[in-house]
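Enquirer:
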Amino acid sequence: MTERTFYHDGSRRLQAEFQSERIAARLESFNRTVFIEEDQRFIESVIYFFLATADAEGRPDCSFKGGPPGFIRVTGPAELAFPNYDGNGMFRSLGNLTVNPNVGLLFIAMHDRPHRLRVNGTARVFRDDPLLAETVGAQMIVRVEARAIFPNCPRYIPHLRLAEESPYAPRPGREPLEPEWKSFDIFKDEVHPRQPAWKG
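With the sequence shown counted from 1, adding 23 to any position gets you the numbering used here.
#1: Using DSSP with H/G/I as helix, E/B as strand and the rest coil, what is residue 44?
#2: Answer with buried or exposed for residue 130, where buried requires no fewer than 16 other C-beta atoms within 10 angstroms of its C-beta.
#3: I want to check one thing, is the minimum distance from the CB of residue 61 to the heavy atoms of the ligand COA below 6 Å?
#4: In chain order, what residues of the same chain lie with their CB nearer than 6 Å to the CB of residue 175, ignoring the 5 residues before and after it?
#5: Drop a sphere of 10 angstroms on the beta-carbon of residue 158, count the other beta-carbons inside from all chains shown, and report buried for 16 or more, exposed for fewer.
#6: Count the other C-beta atoms from every protein chain shown that fall within 10 angstroms of the C-beta of residue 135, then say buried if there are 16 or more, exposed otherwise.
#7: Measuring CA to CA, which of 203, 74 and 170 is closest to residue 114?
#8: When DSSP labels each residue in this structure, what does residue 50 get in the three-state scheme?
#9: Using only the alpha-carbon positions, how far apart do residue 172 and residue 41 sit?
#10: Taking only three categories from DSSP, how would you classify residue 24?
#11: Which residue wins for smallest C-alpha separation from residue 126, given the options 203, 47, 86 and 111?
#12: If you follow the alpha helix (DSSP H) that residue 115 is part of, which residue opens it and which one closes it?
#13: Would you kindly report the start and end of the unbroken beta strand (DSSP E) that includes residue 84?
#14: Can you tell me which of 116, 100, 99 and 101 puts its alpha carbon nearest to the alpha carbon of residue 107?
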């Protein structure tokens, strides 16, 4: 995605129908291909984001990714990285990335001042990334090269109060907690024991 292709024909037709071409053009001017300082501060402060991927046929999927503050970090002018933690073992998102590297990330703050940032780009999954050694609980590292970084209107974001962060988010010096569902009768015989490579 470049500045000239920020919108495709489908977007353009709807903009014409709803007479939003001028505001769409103005909003397009905020699109950037490198992270600014404000982007980095926001991204590295979040405790969750939403990740959109698609399979080889273009069928989309969307997942929630969470962790402690700083679990996702800006690692270059147009690059960010985040860990893959132990989950349910389906590997839908990372599986998609092995056949289709295109991703969309939505960072959203619903606590305190509402804020949204969207990042579209291409992703690679690494099993030997240097960040693994310094990221507690990481199985793999995903690096995203951004091709479009742009703010999004926060008007419909509800104002919520954060009661507490997830106790399952990996943190240094703390043994990981297993989710209760893994002990349910319908799952417990199928759950593989946690690998000893946990980085505490």
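Glycine included, each C-beta is placed from N, C-alpha and C at the ideal position.
These numbers were taken from a predicted model, which means no experiment stands behind them.
Expert: On the basis of the data shown:
#1: Numbered from its first residue, the sequence shown carries residue 44 at position 21. In the displayed model, residue 44 falls within a helix according to three-state DSSP.
#2: Translated into the one-based positions of the sequence shown, residue 130 becomes position 107. Counting Cβ neighbours within 10 Å, residue 130 comes out buried, since at least 16 surround it.
#3: As presented, the structure is devoid of all ligands, the ligand COA included, so that no description of it is given.
#4: By one-based count along the sequence shown, residue 175 stands at place 152. Answer for residue 175: 139 and 141, listed in chain order.
#5: Indexing the sequence shown from 1 puts residue 158 at position 135. Burial of residue 158 is indicated by the presence of at least 16 other C-beta atoms within 10 angstroms of its C-beta.
#6: Looking up residue 135 in the sequence shown gives position 112. By the 10 Å Cβ count, residue 135 comes out exposed.
#7: Numbered from its first residue, the sequence shown carries residue 114 at position 91. Looking at the Cα atoms, 74 is the closest of the given residues.
#8: Walking along the sequence shown from the start, residue 50 turns up at place 27. In the structure shown, residue 50 sits in a helix (DSSP, three-state: H, G or I).
#9: By 1-based counting over the sequence shown, the position of residue 172 is 149. By 1-based counting over the sequence shown, the position of residue 41 is 18. The alpha-carbon atoms of residue 172 and residue 41 are separated by roughly 25 Å.
#10: Numbered from its first residue, the sequence shown carries residue 24 at position 1. The predicted model places residue 24 with a pLDDT of 40, which falls under 50 and marks its position as unreliable, so this point remains unresolved.
#11: Residue numbering aside, residue 126 sits at position 103 when the sequence shown is read from its first letter. Nearest of 203, 47, 86 and 111 to residue 126, Cα basis: 86.
#12: One-based indexing of the sequence shown puts residue 115 at position 92. Residue 115 -> alpha helix (DSSP H) spans 115 to 122.
#13: What you label residue 84 is simply residue 61 of the sequence shown in a count that begins at 1. Looking at the DSSP string, the run of the beta strand (DSSP E) that includes residue 84 is 83 to 89.
#14: Taking the first residue of the sequence shown as position 1, residue 107 is located at position 84. Out of 116, 100, 99 and 101, the CA that lies nearest to the CA of residue 107 is found in 116.
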